[in-house]
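> Chains as they are written, first to last, in the working numbering: chain Z, 129 to 462; chain S, 129 to 462.
My structure is below; once you've seen it, I'll send some questions.
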DNA sequence: CATTTATGTGGGATCGTTCCCATGAATTCA
DNA sequence: TGAATTCATGGGAACGATCCCACATAAATG
């Protein structure tokens, strides 16, 4: 049922070398021989064994994507899902297969089986501990990071300009006339949450908004439930002190908070505006739809593959840091 | 920088056979030798080459997941994302790596590179053409289908009991007192959409609901935008003829439609109730949250891996059809 | 003390490709 | 016509592991 190239060669009446030349498409072979071999291949539905090929080529034509989740599943995460989607698409276009792996604790082991030379390169997504980078480095497998937090100048990494995004959000809200800001800030050990908040506050300072008119509530998680819970808890403060706008460091928090507000008959945006960050699909779908800062995840994913591909071919020195601008998407919530 | 077992053996002062025995953990080796080899392995951070291993073992310890999308990216699809998540989790637990591939047209080629013996088995998700199954069959790679539409009794497939789910939804809505039903029905060539609609109508018939009190609007797509567009178009009918409830064959359609209703100040559920199908995460998050029929995707994904694993070990005849019950989740929209 | 049995170890074939190199046949050129 | 060149093919090593089998050596048995 399963043939190897030797059998194909035998049936075509040629040597396996010749058969190999025809099948792989490199090297001499006369038209007649070519035809004969191809016929047999077609007839028997022969496919060269990728493993054996990889063995001699020292190239598997596959890449590994490792993504670190905190608690929840990650593929179904509205943001990371998009990222994976675009990575998948770009990789397939370039002839790469994709190994996908998620891991809860970003332990050294989680990368281990990717380092058994079964992938040509690695894309590491989200934050990870320093020792893991060290570990991966040791194996000199080409790799890069997307939205991770590293200050290692040797590591190629793709990040969004979260600080600028935060600043823009602040400027935009201020321009609408808002002067009292309520903020739900996701885990500060996360690069994005941290920078988004920083950028936002910085800009408010620049705009001379009084410090006492800025209320920051720290969030331990960054999901819908957390947004809901925190807003429910602080609703009285929010209303009592008449904050006119809520800014959150990601969309999920915003949507969760918005749900509380809607349940309490707060009219959005008339009574209070809401602005998130990420532009996940549901930001547009929610009612009212959510004004947010869009991160072009799709482009980041595509670029990650392109860069990794280049890294794999080792044919050029490249810069290490790639930053992605973010864009304000105005919707009904402001 | 990269060592092979021969070099490890040399440094440990043993033959590669002995080294192999220590490293793979099968076969004799004296404690001293064992220790010596392990030391070298640790010191040089040696990892056996997975490709070479796969070559002789004829086992790659990886499985392929192929998922067919119509237009949009699929991983970020709220339902399929979940499925993939659980497959990933289960596969990792069992020591499998996962190749992920999405394909627009479910062409024969899309499975091709999975058939080069680089995976031990295949999980095919969503519908696919008949000839593709034939093709995969030819290669006798173990495989199974999740939520695909096939009547081939030889193919192992996992499906949700959509018909029963539809019936239950109808019964539930009827029990609430609804007598005029407006339905948004997704593409009928899809197994799930088709069966959900059938089950729903069947039950209404059983409950003696007049045919003229059932209005079915066919949808070409099954996403948010489609739900929005169709509801916007048929809103006057909906209101004019005083339908008291909207049922859709999936949540995305429901959410899209709900947005139109909210924008037109229709009070949900007082004025009109809405019920979807799937129980995607955002069904709970929406405001008002959506009553729906839950499909236990997580369990399906896990089971798919378990079954495929069994199929790979070829050690038992197993039944071919696995059906998953669905459960009504009551929320604010009804 | 000879023989069997247990205990370790190493040699070499094997998996299915690719690719280098040698070799033979056909063609071109002086 | 003989040498150089091109064209076409095949032999065999290599990739890096596993694993069968043979072979030592030591321990146990009669």
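Ideal Cβ positions, reconstructed from N, Cα and C, are used throughout, including at glycine.
(1) Could you tell me whether the Cβ atoms of residue 195/S and residue 254/S are closer together than 9 Å?
(2) Does any C-beta atom of chain S lie closer than 9 Å to the C-beta of residue 101/Z?
(3) Note the first and the last residue of the continuous alpha helix (DSSP H) segment covering residue 123/Z.
(4) Hey, is residue 153/Z's beta-carbon within less than 9 Å of any beta-carbon in chain S?
(5) Measuring only from the beta carbon, is residue 207/S closer than 8 Å to any heavy atom that is part of the ligand MN?
(6) Does residue 414/Z come out as helix, strand or coil in the three-state DSSP assignment?
(7) Against residue 135/Z, what residues of chain S qualify as contacts under a CB-to-CB distance less than 8 Å, listed in chain order?
(8) Counting along the chain, where does the beta strand (DSSP E) carrying residue 230/S start and finish?
(9) Using a Cβ cut-off of 9 Å (strictly closer), state whether residue 424/S contacts chain Z.
(10) Is there a C-beta anywhere in chain S that falls below 9 Å from the one on residue 382/Z?
(11) So, under 8 Å CB-CB, residue 456/Z and residue 206/Z are touching, yes? Tell me the CB distance rounded to an integer number of Å.
(12) Here's the rule: buried if 16 or more other CB atoms are within 10 angstroms of the residue's CB, otherwise exposed. What is residue 184/S?
(13) By the three-class DSSP mapping on this structure, what secondary structure does residue 546/S have?
(14) Going by DSSP, which residues form a beta bridge with residue 455/S?
(15) In angstroms, rounded to a whole number, what distance separates the CA positions of residue 438/Z and residue 220/Z?
(16) Could you tell me the distance, in whole angstroms, from the CA atom of residue 177/S to the CA atom of residue 186/S?
(17) Spatial neighbours of residue 162/Z within its chain, please: CB distance less than 8 Å, with the 5 preceding and 5 following residues excluded, ordered by chain position.
(18) Can you tell me whether residue 290/S is buried or exposed? The criterion is at least 16 other CB atoms within 10 Å of its CB, across all chains shown.
(19) Does residue 222/Z get closer than 9 Å to chain S when you measure Cβ to Cβ?
(20) What is the DSSP secondary structure of residue 357/Z, reduced to helix, strand or coil?
(21) Rounded to whole angstroms, what's the CA-CA distance from residue 174/S to residue 214/Z? Just pull it up for me.
(22) Along the chain, which unbroken stretches of the beta strand (DSSP E) at least 3 residues long are found entirely within the stretch 280 to 321 of chain Z?
(23) By Cβ distance below 7 Å, which residues in the same chain neighbour residue 314/S in space, the five residues on each side in sequence not counted?
(24) Which residue marks the beginning of the alpha helix (DSSP H) containing residue 133/Z, and which one marks its end?
(25) Quick check on DSSP: helix, strand or coil for residue 376/Z?
(26) With 16 as the cutoff for other CB atoms within 10 Å, does residue 354/Z come out buried or exposed?
(27) Can you check whether the C-beta of residue 146/Z is within less than 9 Å of a C-beta belonging to chain S?
(28) For the structure I just gave you, are there three or more beta carbon pairs, one from the stretch 236 to 244 of chain Z and one from the stretch 256 to 276 of chain Z, closer than 8 Å?
(29) Spell out whether any CB of chain S is found under 9 Å from the CB atom of residue 159/Z.
The relevant details are as follows:
(1) yes
(2) Outside the displayed range of chain Z (129 to 462) lies residue 101/Z, so it cannot be described from this structure.
(3) Residue 123/Z lies beyond the stretch modelled for chain Z, which goes from 129 to 462, so this question has no answer here.
(4) So no, residue 153/Z is outside the interface.
(5) Among the components modelled here there is no ligand, and therefore nothing to report on the ligand MN.
(6) coil
(7) Those do not exist, as residue 135/Z stays about 15 Å from chain S at its closest Cβ, beyond 8 Å.
(8) Counting along the chain, the beta strand (DSSP E) containing residue 230/S begins and ends at 225 to 231.
(9) no
(10) So, not an interface residue.
(11) Incorrect: roughly 19 Å between the Cβ atoms, too far for contact.
(12) exposed
(13) The structure shown does not extend to residue 546/S, since chain S spans only 129 to 462, so no value can be given for it.
(14) 422/S
(15) 15 Å
(16) 14 Å
(17) Correct list, in chain order: 150.
(18) Buried.
(19) no
(20) helix
(21) 33 Å
(22) Whole beta strand (DSSP E) segments, 3+ residues: 285 to 288, 309 to 313.
(23) If we look at residue 314/S and ignore the five residues flanking it on each side, its Cβ neighbours are 321, 347, 350, 377, 378, 381.
(24) Start and end: 133 to 140.
(25) Look at residue 376/Z here: in three-state DSSP terms it is strand.
(26) Buried, because 16 or more other Cβ atoms sit within 10 Å of the Cβ of residue 354/Z.
(27) no
(28) yes
(29) no
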